[in-house]
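So the structure is just underneath, and the comments pick up after that.
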Amino acid sequence: IFKQGPDLPVATGESFQYTLVITNGGPDQVITTTVTDVLPDGLVYESYSSLGASCSSADLKTIVCPLDAPLDSGAIVQIFLNVRADNSGLLTNQASVTGTLLDPYLDNNASQFATSVGDADLTITKLAPIAVDAGDPITYTLIVTNNGPGLAEGVQIVDNLPPNLTNVLPYPAVPCNLDGGVVTCARK
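As structure tokens, this is what we get:
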């Protein structure tokens, strides 16, 4: 069995998919094959799709998928499990496969995948000179960092400037609006 999941971090509350690939390395046909996937705390089973297995879960944690037919030597069945991430952290999920024949290669009967789950963790730093002479230009630099693990979308920065500044020009590379002494910048 081989298990694959999302390459990028997943946001808390987001649904995503695991792919399970079950292969009979032979040399014999396996009459009865069952895949079991026990989800870790923080993941909840939603649904599945497969052209060669029927999956069910009584508790939304333990997913049992008996294959629909005997698995010939060299045959492959794929199972797609849809789950939802309810907790953040590095969540490691393992699936295993068992069959009715004695399997001399037990080390390939389980596969796990670690998924990073969490929301965006944004920080902002404002840089400016310590002092400036009256009438001289001053530049404020705002640095926004996403410490992850989730993606940050619809980020908006609001900067209240000192009241005695004149000729304020927002940086043109990021869409910003100036309203009185308030600069609002948004990035999609």
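Just so we're aligned: 194 in the working numbering is position 40 of the sequence shown, and the numbers increase by one with no gaps anywhere.
Backbone N, C-alpha and C define an ideal beta-carbon position, used for all residues, glycine too.
Just so you know, these numbers come straight off a predicted model, no measurement behind them.
Neighbourhood of residue i by C-beta distance below 8 Å, restricted to the same chain and skipping five residues each side
i	result
Pro160	Phe170, Gln171 and Thr269
Val336	Val312, Asp313, Asn314 and Leu315
Ala264	Ile155, Gln248, Ala249, Ser250 and Val251
Pro194	Leu245, Thr246 and Asn247
Pro324	Cys330, Asn331, Leu332, Val337 and Cys339
Beta-carbon proximity of residue i to residue j, cut-off 8 Å
i	j	result
Thr187	Leu162	no
Val198	Leu214	yes
Phe234	Thr173	yes
Asn241	Gly196	yes
Pro220	Ser201	no
Ala165	Asp287	no
Boundaries of the beta strand (DSSP E) in which residue i is found, first to last residue
i	result
Pro220	Thr216 to Pro220
Ala239	Ile230 to Ala239
Tyr199	Leu197 to Ser204
Leu276	Leu276 to Leu281
Val286	It is not in any beta strand (DSSP E) - Val286 carries neither H nor E in the DSSP assignment.
Ala165	Per DSSP, Ala165 belongs to no beta strand (DSSP E) and is neither H nor E.
Val251	Gly243 to Gly253
Cys339	Val336 to Arg341
Leu111	Nothing can be reported for residue 111, as the shown portion of the chain is limited to 155 through 342.
Cys330	Cys330 to Asp333
Asn314	Val309 to Asn314
CA-to-CA distance, residue j to residue i, given in whole angstroms
i	j	result
Ile348	Leu305	The displayed coordinates of the chain run from 155 to 342. Any statement about residue 348 would go beyond what the structure contains.
Phe156	Ile297	41 Å
Pro317	Asp333	12 Å
Pro283	Ala239	44 Å
Leu281	Ile292	11 Å
Tyr294	Ile230	59 Å
Leu191	Val309	Reading off the sequence shown, one finds Asp at residue 191, where the question assumed Leu. Asp191 and Val309: Cα-Cα distance of roughly 37 Å.
Glu307	Asp257	48 Å
Asp222	Gly179	18 Å
Pro329	Ala340	6 Å
Glu168	Gly289	51 Å
Ala212	Gly206	20 Å
Same chain, Cβ closer than 7 Å to residue i, neighbours up to 5 away in sequence not counted
i	result
Gln266	Lys157, Thr246, Asn247 and Gln248
Ser210	Val218
Pro181	Ser227
Neighbourhood of residue i by C-beta, 6 Å cutoff - its chain only, sequence neighbours within 5 removed
i	result
Thr338	Val312 and Asn331
Gln232	Val175
Ile185	Pro224 and Thr254
Ser203	Phe234
Thr299	Thr277
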